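Quick notes on the structure that follows.
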Amino acid sequence: MSESGKVIAAYFASWSIYARAYNVIDIDSDKVTHILYAFANIKPDGEVFLGDSWADTDKHFEGDSWNDEKKNLYGNFKQLGLLKKKKKHFKVSLSIGGWSWSTNFPSVASKSDSRKKFVTSSIELLKDLGLDGLDIDWEYPQNEGDAKNYVKLLKELREALDEYSESQNHSHKLLLTAALPCGEEQYKKMKLKDMNKYLDLFYLMAYDFSGSWSSKASHQSNLYGSDLSTHKAVDYYINKGVDEDKIVIGMPMYGRAFQNTNGFGSSYNGVGEGTWEQGVYDYKKLPRQNATEHFDEKAIASYSYSASDREFVTYDNPQVIIHKTDYVKHNNLRGVMFWELSGDFPTSHERSLLSAAYHGLGGKDAIDQTPNHRSFPDSIYENVRNGFE
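Here the numbering used here is used: the sequence shown runs in plain steps of one and ends on residue 601.
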């Protein structure tokens, strides 16, 4: 990757094409450098497989043919391939695991045969779908054994990716990245210095510091603060041997609600309906009706509060994003990441978080311009082999 270019990564969720009605065509590819596609699942024997084949590889979008003589790729991955063809800096990685599909990581990572199956099957998906990398989202390693096995898995993935790259005469490497925790209880279990040998980017999930599990209404993604904070996690990762220019700070495109509360730091009762799940609102639906938006200068956090509804919602607004991009630049970090794109306003909107990050990092000339990979002669799909020509 270009040493100076800042990363703007964002998760695209396969399920966003359903009720959320957010499609690949809605991504502003000028303002995103890396897409992380959520998620692939893992079988007990280690095989990595796509989580929703209809959305991922089968769905026909506008302009897709139904008269194929040979096997072609469709679904979200064809749409992403077309974007890659159009925008040479736009890179796509497959994210494996996630909160719901991390169950098999511990057993798979603990045995050499299942690790091997994990590695070979994920490389197969990369070759077939025409991807630029793999992203590991293991939530979360629980003990010393898990932590050591995680490193073994990353080492074997790195070696396999490099081997495939060499066989294809790639001018630049395929990416190996991971989504990583910001909670002290989780990150203290990780072998971060060893992971640093194999990972290109560390995506810090710097959100969900608070929620329905919390005792009081509080910030979910504050930059500073005595307990949980983005800065505290960044500091720990660097002190444990992670290169600062590999660290990418994650930011939410959603808010977490607390009801029947007197506001920040107060007790609450219930979290409300949310947009798609209880207690969670898409950022584009915020601030809520009757609510006033506030900025906490000390913590660098924004929130809304409605005195009439007694509802507190914690989320990042553009003001917070600008502070965080300044923090990234000042501390020589690599960039920012968002979970997940369907929650944002369109980038033409003055409150778009993606737009705020793009401008905050310095715009077109400041962001990563490393070219994507376009040649996949071993793909099972004819249109991928042909580069969608």
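Glycine residues also receive a C-beta, built at the ideal position from the N, C-alpha and C atoms.
Keep in mind that this is a model prediction, so the values were computed, not measured.
Asked: Boundaries (first-last residue) of the beta strand (DSSP E) holding Lys-510; Found: Note, Lys-510: premise wrong, no beta strand (DSSP E); not H, not E.
Asked: According to DSSP, residues forming a beta bridge with Phe-550; Found: Ala-222, Met-463
Asked: Same chain only: Cβ atoms within 6 Å of Phe-224, ignoring 5 sequence neighbours per side; Found: Ile-247, Tyr-249, Leu-553
Asked: Touch test, the stretch 348 to 361 against the stretch 268 to 282, Cβ-Cβ under 8 Å, three pairs minimum; Found: no
Asked: N- and C-terminal bounds of the alpha helix (DSSP H) containing Asn-391; Found: This sequence places Ala at residue 391; Asn is not what is there. Where Ala-391 is concerned, there is no enclosing alpha helix (DSSP H), although the beta strand (DSSP E) it sits in stretches over 387 to 392.
Asked: Which listed residue (Glu-523, Phe-588, Asp-439) has its alpha carbon closest to that of Ala-429; Found: Glu-523
Asked: Residue range of the unbroken alpha helix (DSSP H) whose run includes Ser-379; Found: 356 to 379
Asked: Coarse secondary structure for Tyr-249, derived from DSSP in three states; Found: strand
Asked: Inter-residue Cα distance where the pair is Ala-469 and Gly-491; Found: 5 Å
Asked: DSSP bridge partner residues for Leu-440 (one or two, in chain order); Found: According to DSSP, Leu-440 bridges with nothing at all.
Asked: Beta-carbon separation (whole angstroms), Gly-258 vs Lys-339, contact threshold 8 Å; Found: Not confirmed; about 18 Å, so no contact.
Asked: Segments assigned alpha helix (DSSP H), at least 4 residues, entirely inside the stretch 255 to 339; Found: 287 to 298, 317 to 321
Asked: Distance CB(Lys-303)-CB(Thr-537) smaller than 9 Å; Found: no
Asked: Among His-301, Leu-435, Glu-562, nearest to Lys-510 - alpha-carbon criterion; Found: Leu-435
Asked: Residue environment, Ser-507, which counts as buried when at least 16 other CB atoms sit within 10 Å; Found: A small correction: the amino acid at residue 507 is Phe; Ser does not occupy that position in the sequence shown. Under this definition Phe-507 is an exposed residue.
Asked: Leu-294 CB to nearest heavy atom of the ligand FMN below 8 Å; Found: For the ligand FMN, the structure offers nothing, since it holds no ligand at all.
Asked: Cross-strand partners of Leu-346 (DSSP beta bridge); Found: Leu-306, Leu-388
Asked: Test item: CB-CB of Arg-586 and Lys-297 under 9 Å; Found: yes
Asked: Cβ distance (whole Å) where Val-548 is taken to contact Gly-467 below 8 Å; Found: Between Gly-467 and Val-548 the Cβ distance is about 18 Å, and since that is not below 8 Å, they are no contact.
Asked: From Asn-502, Asp-358, Lys-300, residue whose alpha carbon lies closest to that of Ser-520; Found: Asn-502
Asked: Helix, strand or coil at Ile-239 [DSSP, three-state]; Found: coil
Asked: Inter-residue Cα distance where the pair is Val-460 and His-561; Found: 24 Å
Asked: Strand pairing of Ala-469, partner residues [DSSP]; Found: Val-525
Asked: Cβ-Cβ distance between Asn-543 and Glu-456 below 9 Å; Found: yes
Asked: Straight-line gap, Gly-484 to Arg-232 (C-alpha atoms, nearest Å); Found: 19 Å
Asked: At least 3 beta-carbon pairs within less than 8 Å: the stretch 392 to 402 vs the stretch 431 to 451; Found: yes
Asked: Closest residue to Asp-347 among Val-260, Lys-576, Pro-530 (Cα-Cα distance); Found: Val-260
Asked: DSSP state of Glu-456 mapped onto helix, strand, coil; Found: helix
Asked: Glu-601 - DSSP class collapsed to helix/strand/coil; Found: coil
Asked: CA-to-CA distance, Tyr-593 to Ser-314, given in whole angstroms; Found: 28 Å
Asked: Of the residues Leu-566, Glu-397, Ser-333, the one placed nearest Asp-242, counting alpha carbons only; Found: Leu-566
Asked: Limits of the alpha helix (DSSP H) - the one that Tyr-539 falls within; Found: 530 to 542
Asked: Residue of Ile-512, Leu-545, Tyr-517 minimising C-alpha distance to Pro-604; Found: The first residue shown for the chain is 213 and the last is 601, placing residue 604 beyond what the model contains.
Asked: Asn-288 versus Asn-474: straight-line alpha-carbon distance, rounded; Found: 44 Å
Asked: Cα-Cα separation, Gln-380 to Ser-441; Found: 42 Å
Asked: Collapsed DSSP secondary structure at His-585 in the structure displayed; Found: coil
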